[in-house]
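One structure below.
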Amino acid sequence: MNYKKIGTFICSLRKEKNLTQKELADKLNITNKAISKWERGISCPDISLLIPLSDILDVTTNEILNGEREEISDINEDIDRKVKKTLTYMVNISSEKSKKYLNYIFLGISFSLIISIIICLICDYVLYNSFSWSLVVCASCILSWLIILSIFKSKKNRFKSVIISITLSIIPYLFTLSIILENNLIFSLGSIFAILGIVYIWILYYLYIKMKHKKFKITGIAFLLLIPLSFSINRIANYFLGPDPFEIFNVILNTFSAIIIALICFKISRKRNED
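The opening position of the sequence shown corresponds to residue 823 in the numbering used here, with each subsequent residue numbered one higher.
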């Protein structure tokens, strides 16, 4: 397979369609760097992308693989249909195998967590004739399992599923801990921190959706958003726990560091033409 020939062919087809590398990448839900590598002959499209790529560029999958146009004929159309069927079958088989392996891994992790809970409960009861610290372990294992469940069982957006899982489970988890440890501060203060953190994560997720291929720009914005988040956490902690003599120093240091890192990220973003 001639990567260089395929890349040159894809480049010419893209230009015929008046598409930029970024626009073609967005249609295929990949990065523009991947398109650039194809066109430079460094790599070739993944097998799962051949069909959507051929549809976008209005060519057959066979033409992409050969790196040149072919004469239109019934034979070539029949070959292309067979190639598409074969590719679809291979992608489906690969997907099914991946799902099977993921299910095995998920079952293994779930079994390990159950064993851990049982061992901790037994040790706690044998040593102290009651359940104390083991309940904290149980609650933590359940929280971990819920997050892991969202990772392995999500069909589309795993990252969003994890955020939803954390959003729905973190407050009940803190409430459970406060009851087990008999410390209301864990729930009252922890819930406020958790809500601030969740809001911050959702904002970053929204930015990622809107600016998917502008990673350094998003990173810069994330560091700038840390400034009000850090300030809010410090003020709330002072209210519940008392004043911190190093608060002003910490705020100045955190703010200065966040701004410097954000500016570096924005500069890299501009150099890489992420805008």
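Positions of the beta carbon are idealized from the N, C-alpha and C atoms, including for glycine.
Fair warning: this is a prediction, and the values are worked out from it, not measured in the lab.
Candidates the options, of which the one nearest residue i by Cα
i, options, result
"P994", "F1009, V984, S983", "F1009"
"L1047", "N851, P1067, G1019", "G1019"
"L835", "N824, K1039, A961, E885", "E885"
"L1051", "I941, F1015, V959", "F1015"
"L1003", "I985, L957, K859", "L957"
"I927", "S916, C945, F974, I1074", "F974"
"A847", "S1000, S1054, L875, I1017", "L875"
"V1021", "K1036, I985, I1031", "I985"
"I1031", "G829, N1056, I852", "I852"
"C945", "V959, F933, S932", "V959"
"K1036", "R1057, D1066, S916, K1093", "K1093"
"L887", "A961, I1001, N824", "N824"
"A1059", "I1023, I1049, L1007", "L1007"
Whole-angstrom distance between residue j and residue i, CA atom to CA atom
i, j, result
"L929", "I1082", "44 Å"
"R903", "S1079", "57 Å"
"D880", "E861", "17 Å"
"K978", "S972", "11 Å"
"Y822", "W955", "The structure shown does not extend to residue 822, since the chain is modelled only from 823 through 1097, so no value can be given for it."
"R891", "F1038", "38 Å"
"P867", "T908", "16 Å"
"I878", "K1034", "20 Å"
"I1086", "I1074", "18 Å"
"A1044", "S1091", "14 Å"
"F831", "I869", "17 Å"
"F1068", "I1025", "29 Å"
"T1077", "T989", "27 Å"
"I828", "A856", "14 Å"
"L965", "K919", "28 Å"
Three-way DSSP call (helix, strand, coil) for residue i in this model
i, result
"C960", "helix"
"V1073", "helix"
"G829", "helix"
"G930", "helix"
"E845", "helix"
"K975", "helix"
"G1108", "Nothing can be reported for residue 1108: it is not among the residues displayed for the chain, which extend from 823 to 1097."
"F1062", "helix"
"D946", "helix"
"K1037", "helix"
Cβ-Cβ distance between residue i and residue j below 7 Å
i, j, result
"G1042", "F1088", "yes"
"K921", "G863", "no"
"L968", "S987", "yes"
"L999", "S1013", "no"
"F1062", "L1011", "yes"
"C963", "I939", "yes"
"K844", "N854", "yes"
"T883", "L871", "no"
"I1040", "L1029", "yes"
"I970", "I1023", "no"
Near the ligand FMN: residue i beta-carbon under 6 Å from a heavy atom
i, result
"S1054", "Annotation note on the ligand FMN: not contained in the displayed structure, which lists no ligands."
With a floor of 4 residues, list each alpha helix (DSSP H) that falls wholly inside the region 979–1022, ordered by position along the chain. 980–1002
Segments assigned alpha helix (DSSP H), at least 4 residues, entirely inside the region 852–876: 854–861
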